[in-house]
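The block underneath contains the structure these notes are about, expressed in structure tokens.
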Amino acid sequence: MRLHTVWLTDFRNYETLEISLDRGFTAILGANGVGKTNLVESLALLATLKSFRRAPTDSLVRKGCDKAVIRATGERGGREVLIELELAKGKTRAQVNRQPLKRTRDLLGALRVTVFGPDDLSLVKEGPAVRREFLDDLILALDPTADGVLSDLDRIVKQRNALLRQLSQAARGRRSGGEPGADEAAGLTLDVWDTKLAAAGEHLTIRRENLLADLMPLVTASYRELSDSDVDVVATYVRSWTTDTMAPAIAAARDDDVRRGSTSIGPHRDDVGLSIDGFDSRTECSQGEQRTLALAMRLAGHRLLAERLDEPPLLLLDDVLSELDPDRARALLASLPPGQTVITSAQGLPPDTVPDQVLEHRGGALHPVAQAEPVTEGDAS
Ligand SMILES: Nc1ncnc2c1ncn2[C@@H]1O[C@H](COP(=O)(O)OP(=O)(O)O)[C@@H](O)[C@H]1O
Ligand SMILES: [Mg+2]
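Just add 533 to wherever you are in the sequence shown, counting from 1, and you've got my numbering.
Next up, the structure:
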């Protein structure tokens, strides 16, 4: 789906804002703090219903207001699409073409986005949770029905953890002279959760591993393009178990899990290891290399979606130019994949960039900026 016009009401710092996007490349320029990232966040929310900054709904609503509204018109396969989101404390409502959505997945199919922002460095630098989420978000964008698998797994781990804590309390009670045998039933229930965990866990692990294998050639290609080099980027999916199947590992970890009151085996404990030319990206690469790798991963995800889906996702690049050295910034803009793209910048654009539309963010509104006509040979006389 391609976005036409988006209206914000009481969203973050905006009382109201209207923005019309070009079908190609829109650049939004404005000083720090004017609300560029907020705007990008609102566009991404239209696709995913969650803040890419991991902000709770409360902070999305303008201070002192009860609810925020994001309304957008767009087009898909020649048909008009209207998406309406209402964000209120503890409650988010979404409608597509005035039909309320029953599940998040119904929205996930309408608009798809790829977002990259300065915080995305965490994809390379921080703990495994961010990399797991990166893979899971791509799985979801490719197949919205996968939200069933993801939420099942989430529920299984939570319920199993609750039971583990119950068992560990019972064990402590026994040691201090309590009634023995009270936890037998709980032990049997744990068997049930172990079986569910193994089934859902293996399924998701294999999906993530397959996705990563498909993604890596694109990550390497994007990294090489951005850095004008021929390095090798390698990713290794690191499972939380080493047995062939998951069930024996879950069984072997059971006593420890009971003691700790948490589940140590499963996709929620896996990681993705990344290296550039053999150097560990987390501990051995420079900040510049980490930033380029994070961007290459996002762009690779974007390209994979563009290849597999009927149209490329909306690409949102928030304030990335300031973080890249001039050569990499130019390489990024030169290698932008086709499709609708929004780039924000506080610095302006590299000299030879030609966006289809430039908007200046000033005084709480967006103002079109006339662009210099390209100089042709005839003009010189
Ligand atoms: N819920 C909110 N209500 C009102 N203002 C907000 C809210 N959340 C953030 N802001 C304001 O938004 C501004 C930052 O916007 P941001 O999009 O990060 O700016 P930038 O243009 O630098 O990306 C801050 O000044 C902050 O006070
Ligand atoms: Mg910003």
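Glycine residues also receive a C-beta, built at the ideal position from the N, C-alpha and C atoms.
Any idea what DSSP makes of residue i, helix, strand or coil?
i, result
"V539", "strand"
"A913", "Only weak support exists for where A913 lies, its pLDDT of 43 falling under 50; the coordinates are left without a value."
"L730", "helix"
"S553", "strand"
"L848", "strand"
"A768", "strand"
"T776", "coil"
"P781", "helix"
"R586", "coil"
"R636", "coil"
"R612", "strand"
"V791", "helix"
"V525", "In this structure the chain extends from 534 to 914, so residue 525 is not present and cannot be described."
"E817", "coil"
"V629", "strand"
Going by DSSP, what residues sit across from residue i in a beta bridge?
i, result
"A560", "I876 and V891"
"H900", "E893"
"G806", "T769"
"I603", "L541 and L618"
"K624", "A621"
"V594", "F544"
"V657", "DSSP, once it has assigned bridges, lists no residue as partnering V657."
"V648", "L849"
"F667", "Answer is none; F667 lacks a bridge partner."
Beta carbon of residue i, beta carbon of residue j: below 8 Å?
i, j, result
"V573", "V648", "yes"
"L919", "R693", "For the chain, the structure presents residues 534 to 914; residue 919 sits outside this window and is missing."
"H894", "G568", "yes"
"G607", "R535", "yes"
"S795", "L654", "no"
"L882", "A560", "yes"
"L668", "R741", "yes"
"D852", "S819", "no"
"D599", "A627", "no"
"L826", "L807", "yes"
"V646", "L576", "yes"
"V764", "R664", "no"
"G834", "L671", "yes"
"T570", "S553", "no"
"T769", "E735", "no"
"L847", "L634", "no"
"R604", "E617", "yes"
"V682", "A733", "yes"
"L751", "L837", "yes"
"E856", "R824", "yes"
"V791", "A704", "yes"
"G650", "F558", "no"
"L721", "L700", "no"
"L854", "Q873", "no"
Under 8 Å by Cβ, that's how I've got residue i and residue j pegged, so tell me the actual separation to the nearest angstrom.
i, j, result
"V533", "L562", "The chain is shown only over 534 to 914; residue 533 falls outside these bounds and no answer can be derived."
"T590", "T625", "6 Å"
Is there a C-beta anywhere in chain D that falls below 8 Å from the one on residue i?
i, result
"K583", "Among the chains in the structure shown there is no chain D, since it carries only a single protein chain."
| request: Kindly confirm or deny that the stretch 856-865 and the stretch 883-890 touch, where touching means at least three C-beta pairs closer than 8 Å. | output: Below 8 Å, enough C-beta pairs join the stretch 856-865 and the stretch 883-890 to call them touching: three or more.
| Are the stretch 603-618 and the stretch 676-687 touching by the rule of at least three beta carbon pairs closer than 8 Å? | no
| task | Inspect the CB distances between the stretch 579-598 and the stretch 542-555 and report whether three or more fall short of 8 Å. | result | Using a Cβ-Cβ distance cut-off of 8 Å, the stretch 579-598 and the stretch 542-555 are in contact, since at least three pairs of beta carbons, one from each stretch, lie closer than that value.
| query | For the stretch 797-805 against the stretch 686-705, are there 3 or more C-beta pairs whose distance is under 8 Å? | reply | yes
| query | With a cut-off of 8 Å, do at least 3 Cβ pairs link the stretch 808-817 to the stretch 780-793? | reply | no
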